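One structure below.
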């Protein structure tokens, strides 16, 4: 069965960096694009970005472009989200999700999320 | 790019139908047939209910249906059941390789 497991969240001071991971299993990881979506506490969903199946392209939301970087290691079935220069407004649950047909916005499997709290 | 506009809340009694709207512009909802709908129960990850405006993934009850007219997409839940109570989010491709979500609608089953 398809599984996505995020890790790497925690409490971090403003201005610092963090790398989130999403380990995939149960499907041919190298064949699928992967997304990151975040959700601030009590708020709605916000698309963060996508990386193509082969890592050749990444696209980001305007709000994070230049600070966030998505990468992947297909040999480890893992996608990463590098988050730099963290701000209080980056506090959120970060989900990874499998793409089912870019650019349809169809995310067919989601992880359970990893919580990032930006606080001094 | 602002979020798509959804009503903050909707409600209906068991067995009734309810429709949730998602309003954008001709640059997003109206410009592409790439609207999806997600259901999210408290403390859980979202689950896709509708994609590409009208398509329903396998395993999603046919009580859930999607449509679009102009710049507004809609999700209709027929034969409301208690387990349908959740937050619902629409999303749309907005061009320039980006996707946006709506602000979310809390559906209450009375």
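Chains as they are written, first to last, in the numbering used here: chain A, 1 to 120; chain B, 121 to 230.
Where a beta carbon is used, it is the ideal one built from N, C-alpha and C, also for glycine.
Bear in mind that the values here come from a model prediction, so they are computed numbers and not experimental data.
Beta carbon of residue i nearer than 7 Å to that of residue j
| i | j | result |
| --- | --- | --- |
| residue 33 of chain A | residue 11 of chain A | no |
| residue 105 of chain A | residue 22 of chain A | no |
| residue 142 of chain B | residue 193 of chain B | yes |
| residue 180 of chain B | residue 202 of chain B | no |
| residue 186 of chain B | residue 200 of chain B | no |
| residue 191 of chain B | residue 135 of chain B | no |
| residue 84 of chain A | residue 72 of chain A | no |
Boundaries (first-last residue) of the beta strand (DSSP E) holding residue i
| i | result |
| --- | --- |
| residue 114 of chain A | 114–118 |
| residue 40 of chain A | Per DSSP, residue 40 of chain A belongs to no beta strand (DSSP E) and is neither H nor E. |
| residue 7 of chain A | 3–7 |
Within chain B, partners of residue i - CB distance below 7 Å
| i | result |
| --- | --- |
| residue 113 of chain A | 165 |
Residue i: contacting residues in chain B (beta-carbon distance under 8 Å)
| i | result |
| --- | --- |
| residue 104 of chain A | 154, 156, 171, 172, 213 |
Residue i versus residue j: straight-line alpha-carbon distance, rounded
| i | j | result |
| --- | --- | --- |
| residue 44 of chain A | residue 209 of chain B | 8 Å |
| residue 26 of chain A | residue 96 of chain A | 15 Å |
| residue 91 of chain A | residue 223 of chain B | 17 Å |
| residue 128 of chain A | residue 86 of chain A | Limits of chain A in this structure are 1 at one end and 120 at the other, which puts residue 128 of chain A out of reach. |
| residue 160 of chain B | residue 166 of chain B | 4 Å |
| residue 55 of chain A | residue 132 of chain B | 45 Å |
| residue 123 of chain B | residue 221 of chain B | 6 Å |
Beta-carbon neighbours of residue i, restricted to chain A and to distances below 9 Å
| i | result |
| --- | --- |
| residue 177 of chain B | 100, 106, 108 |
| residue 224 of chain B | 43, 44, 45 |
Where residue i meets chain A, residues with beta-carbon distance less than 7 Å
| i | result |
| --- | --- |
| residue 180 of chain B | Simply none; closest approach about 11 Å. |
Closer than 9 Å at the beta carbon, the chain B residues around residue i
| i | result |
| --- | --- |
| residue 95 of chain A | 165, 166 |
- Mind pulling the alpha helix (DSSP H) runs of 4 or more residues that sit fully within the stretch 74–111 of chain A? Listed in chain order, there is nothing to give.
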